[in-house]
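Since the structure comes first, as structure tokens, the remarks are kept for the end.
Protein chains: 2
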Amino acid sequence: MFKVPEHQVAGHQALKGRLGPVVDDSGRFYKPLQSDERGKNEVAFYKSLSSKTESLIPDNIRRFFPVFYGTELVEATDGSGPKPHLVLQNLNAGLKFPSIMDIKIGTRTWYPQASEMYITKCLKKDRESSTVKLGFRLCGLQVYNSKESGYWKPDRKAVAKLSAEDVKMVLRKFVSDEGFDSDHPDCSVASIVLGGPNGILSQLRELKAWFEDQTMYHFYSCSVLMMYDKEKALSGGDPVAEVKMIDFAHVGKGNGVIDHNFLGGLCSLIKFVSDIHEYSLKDSQEKQISYGNGDI
Amino acid sequence: MFKVPEHQVAGHQALKGRLGPVVDDSGRFYKPLQSDERGKNEVAFYKSLSSKTESLIPDNIRRFFPVFYGTELVEATDGSGPKPHLVLQNLNAGLKFPSIMDIKIGTRTWYPQASEMYITKCLKKDRESSTVKLGFRLCGLQVYNSKESGYWKPDRKAVAKLSAEDVKMVLRKFVSDEGFDSDHPDCSVASIVLGGPNGILSQLRELKAWFEDQTMYHFYSCSVLMMYDKEKALSGGDPVAEVKMIDFAHVGKGNGVIDHNFLGGLCSLIKFVSDIHEYSLKDSQEKQISYGNGDI
């Protein structure tokens, strides 16, 4: 009944007898509950989302979070017996060949109340990865290419450290059909996946508007997922692409202050994505012009 | 000809034989050039603002920076002889009784390329002050009260560490005419100074829109000044209030990335200011309603 998720691009994986998440056929995702404060914190966050503060989160924002079905004892994948798991919506269950990018948002991943040891560890990672420079880091991604060649799935550790220029290239490949091995990915699905009222850019901006105002939560070390299915997107599928937020083990109270750390990183990501979108529009206009000339 | 500025709320002061800035009667502000990289960096920034990259900075944004008149040898206030000074516009020269707030923006004041020693020093200050929590810290302020009582000018070191609630109270006092010693400042000039097309909120949002897009500069340890003159504001003065950016010793290149650190902090400040503005509008509506009832 349970199996290892096929399209996990970041986080702990249930491979080689290690502890990791599993999925079932009904579209649910079972995430092992971390045994320390992190596990308690993540359950508390999901409960606060789906119960008492419900009315405080606008409906258009609620859809950015996975549906929460409670916790359940599930056989752990490391053979240690039944363990409590978070039961969540399997976010890519509806996508046949999902292209996915997992981006950890923020110029820092540590929170003010954390221990010195934890802060030192996070700060080191933040400085070694692109977190401090870009305001986010890529935790992993896969891009569907074709039935024959499958997915382009670059090394996780390498993508977390990429420079601004390299991140731009990866984002171009993320919305391309060809050119993964070259410096000229075709960006052929950029306008449909990124643009439009239901595209990724529009969703990221909706999320941003909420972050400019909400002072309930601070999301440390939390990721934004960007997902789409090329075939579905090209055939007018609805939604054409999805933006989701995941990983809430380090969510803290906002105490009347906006999450300026997350918001700054989100704005940085939006600028990157919007540049790729504009680049692709210009590129396709140029192609149209040159085709047009050819016809005359 | 030169004198110590009357209305300096933060930064080094030319008092007790120390080195600090001076002003003259023609509206110029002379800031001693720091002898190390910081001095060179600040001159380079002002030169880049006013010369070669000129066309890249939109006109509506240029007005947020002090006018730069070059550098000049001026007698240092610590008696060490003539020293190079930056010659800048004296920003409050046109204000008779200026209320001023100096706010250092950003969730961190250190830049990725800095030395370990510098980063450790800044990080400590950022964690001890409100920088990490609020995304900014108050470096100093003065609020004009009346000819008799002069200015309310709380201790600099204390205001830098204030909590979110305390910052809200200081911001209320900043736009009040009475109530500095109580928990009920009257916020009587809030709507005129903060609101409207030329008010502080509108200017901060204009600056924010630029920061969402510009990838030229990263402004570490830079301050936003908010200034107004109560009498001028109340008598329909133009401008009713001014927002300026100052202190560019640690400005670095953006390298194709937006300044997510500054932008996050600026958004946090905007949320605080807009909350005070809304609070004052609601407050004045309630007063009107209760006066109205009294008339009936």
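Chains as they are written, first to last, in this note's numbering: chain A, 522 to 817; chain B, 522 to 817.
A virtual CB, placed ideally from N, CA and C, is assigned to each residue, including glycine.
*Can you tell me which of the three DSSP states Thr-652(B) falls into?*
What you label residue 652(B) is simply residue 131 of the second sequence in a count that begins at 1. Reduced to three states, the DSSP call for Thr-652(B) is helix.
*asked:* Could you pull the DSSP bridge partners for Ile-767(B) from this structure?
replied: In the second sequence, residue 767(B) corresponds to position 246, counting from 1. Per DSSP, Ser-744(B).
*Identify whether Ile-817(B) lies in helix, strand or coil by the three-state DSSP scheme.*
The sequence position of residue 817(B) within the second sequence is 296, counting from 1. Note on Ile-817(B): pLDDT 39, under 50, position unreliable in the model; no value is reported.
_Taking 7 Å as the limit between beta carbons, can you name the residues of its chain near Glu-727(A), skipping five residues before and five after?_
Translated into the one-based positions of the first sequence, residue 727(A) becomes position 206. Close CB contacts of Glu-727(A) within its chain, under the 7 Å cut and outside five residues either way in sequence, are with Asn-581 (chain order).
_Along the region 761–787 of chain B, where does the CB come closer than 7 Å to a CB of chain A? Name the residues._
The residues in question are Asn-776, Gly-777, Val-778, Ile-779, His-781, Asn-782, Leu-784, Gly-785, Gly-786.
*Is the beta carbon of Arg-693(A) sitting closer than 8 Å to the one on Pro-706(A)?*
Taking the first residue of the first sequence as position 1, residue 693(A) is located at position 172. Taking the first residue of the first sequence as position 1, residue 706(A) is located at position 185. Yes, Cβ-Cβ distance for Arg-693(A) and Pro-706(A) is below 8 Å.
*State yes or no: is the beta carbon of Glu-686(B) nearer than 8 Å to at least one beta carbon in chain A?*
Counting from one through the second sequence, the residue named residue 686(B) turns up at place 165. At least one CB atom of chain A sits nearer than 8 Å to the CB of Glu-686(B).
*Between which two residues does the alpha helix (DSSP H) harbouring Ile-626(A) extend?*
The residue you call residue 626(A) lines up with position 105 of the first sequence. Per DSSP, Ile-626(A) is not a residue of any alpha helix (DSSP H); the beta strand (DSSP E) it occupies stretches across 619–626.
*CA-to-CA distance, Tyr-749(A) to Ala-565(B), given in whole angstroms*: For this step, residue 565(B) is matched to residue 44 along the second sequence. For this step, residue 749(A) is matched to residue 228 along the first sequence. Using only the alpha carbons, I get a separation of about 45 Å.
*So, are the CB atoms of Cys-660(B) and Asp-804(B) less than 8 Å apart?*
For the purposes of this step, residue 660(B) is taken as the residue at position 139 of the second sequence. For the purposes of this step, residue 804(B) is taken as the residue at position 283 of the second sequence. It is not a contact, given that the beta carbons lie outside the stated cut-off.
*Should the region 633–648 of chain B be regarded as contacting the region 584–596 of chain B, the criterion being three or more beta carbon pairs within less than 8 Å?*
With a cut-off of 8 Å, the region 584–596 of chain B and the region 633–648 of chain B do not count as touching, because too few Cβ pairs lie within range.
*What residue does the beta strand (DSSP E) around Arg-549(A) start on, and which one ends it?*
For this step, residue 549(A) is matched to residue 28 along the first sequence. Note, Arg-549(A): beta strand (DSSP E), 549–553.
*What are the start and end residues of the beta strand (DSSP E) that includes Tyr-632(A)?*
Looking up residue 632(A) in the first sequence gives position 111. First-last for Tyr-632(A): undefined, no H or E at that position.
*Compare the C-beta of Met-737(A) with all C-beta atoms of chain B and state if any pair is closer than 8 Å.*
Numbered from 1 along the first sequence, position 216 holds the residue referred to as residue 737(A). Residue-level contact by beta carbon fails for Met-737(A) and chain B, as no gap is shorter than 8 Å.
*Which residues, taken in chain order from the region 623–639 of chain B, show a beta carbon closer than 8 Å to some beta carbon of chain A?*
Residues of the region 623–639 of chain B with a Cβ closer than 8 Å to any Cβ of chain A, in chain order: Thr-628, Arg-629, Pro-633.
*Please say whether Leu-655(A) and Val-688(A) have beta carbons closer to each other than 8 Å?*
For the purposes of this step, residue 688(A) is taken as the residue at position 167 of the first sequence. For the purposes of this step, residue 655(A) is taken as the residue at position 134 of the first sequence. It is a contact, given that the beta carbons lie within the stated cut-off.
*Residue range of the unbroken beta strand (DSSP E) whose run includes Gly-661(A)*: Here residue 661(A) refers to the residue found at position 140 of the first sequence. Looking at the DSSP string, the run of the beta strand (DSSP E) that includes Gly-661(A) is 657–667.
*Among residues of its own chain, excluding the 5 on either side of Phe-769(B), which ones have a beta-carbon nearer than 8 Å to its beta-carbon?*
On the second sequence, residue 769(B) is found 248 positions in, with the first residue counted as 1. Cβ neighbours of Phe-769(B) beyond the five flanking positions: Asn-562, Glu-563, Phe-566, Tyr-567, Phe-740, Cys-743.
*Quick one: which chain A residues come within Cβ less than 8 Å of Val-653(B)?*
In the second sequence, the residue the question calls residue 653(B) occupies position 132. Within 8 Å Cβ-Cβ: Pro-633.
*Select from Trp-731(A), Lys-751(A), Tyr-738(A) the residue whose C-alpha is nearest the C-alpha of Ala-711(A).*
For the purposes of this step, residue 711(A) is taken as residue 190 along the first sequence, with counting starting at 1. It is Lys-751(A) whose Cα lies nearest to the Cα of Ala-711(A).
*asked:* Can you check which of these residues, Glu-733(B), Asn-613(B), Thr-652(B), is closest to Thr-630(B) by C-alpha distance?
replied: Residue numbering aside, residue 630(B) sits at position 109 when the second sequence is read from its first letter. Of Glu-733(B), Asn-613(B), Thr-652(B), the residue nearest in Cα terms is Thr-652(B).
*Please report the residue range of the beta strand (DSSP E) in which Glu-593(A) lies.*
By one-based count along the first sequence, residue 593(A) stands at place 72. Where Glu-593(A) is concerned, the enclosing beta strand (DSSP E) stretches over 589–596.
*Based on Cα-Cα distance, which residue from Val-778(B), Lys-682(B), Ser-789(B) lies nearest to Phe-735(A)?*
For the purposes of this step, residue 735(A) is identified with residue 214 of the first sequence, where counting begins at 1. Before going further, note that residue 735(A) is Gln rather than Phe in the sequence given. Comparing Cα positions, the closest option is Ser-789(B).
*Going along the chain, which residues of its own chain have a beta-carbon closer than 6 Å to the beta-carbon of Leu-536(A), five neighbours each way excluded?*
Here residue 536(A) refers to the residue found at position 15 when the first sequence is read from its first residue. Around Leu-536(A): no qualifying Cβ.
*Identified DSSP bridge partners for Leu-607(A)*: Here residue 607(A) refers to the residue found at position 86 when the first sequence is read from its first residue. Bridge partners of Leu-607(A): Lys-552(A), Thr-592(A).
_With the cut-off set at 8 Å, would you say Gly-627(A) and Asn-782(A) are in Cβ contact?_
Sequence index remark: in the first sequence, residue 627(A) carries index 106 (1-based). Sequence index remark: in the first sequence, residue 782(A) carries index 261 (1-based). It is a contact, given that the beta carbons lie within the stated cut-off.
*asked:* Just checking Lys-774(B) against the ligand NAP - is the residue's beta carbon closer than 7 Å to any of the ligand's heavy atoms?
replied: In terms of ligand content, the structure shown is empty, and the ligand NAP therefore cannot be addressed.
*From the DSSP output, in three-state form, read off Lys-682(A) for me.*
Looking up residue 682(A) in the first sequence gives position 161. Look at Lys-682(A) here: in three-state DSSP terms it is coil, with no helix or strand label.
_Beta carbons nearer than 8 Å to chain A: which residues of the region 665–678 of chain B have them?_
Look at the region 665–678 of chain B: it has no residue with a C-beta under 8 Å from a C-beta of chain A.
_Counting only C-beta atoms, is Arg-648(B) closer than 8 Å to chain A at any point?_
Along the second sequence, read from residue 1 onward, the residue named residue 648(B) stands at position 127. Answer yes: the Cβ-Cβ gap between Arg-648(B) and chain A drops below 8 Å somewhere.
*Between the Cα of Val-543(B) and the Cα atoms of Lys-808(B), Ile-624(B), Leu-609(B), Leu-662(B), which residue gives the shortest distance?*
By one-based count along the second sequence, residue 543(B) stands at place 22. Comparing Cα-Cα distances from Val-543(B) to each of Lys-808(B), Ile-624(B), Leu-609(B), Leu-662(B), the minimum goes to Leu-609(B).
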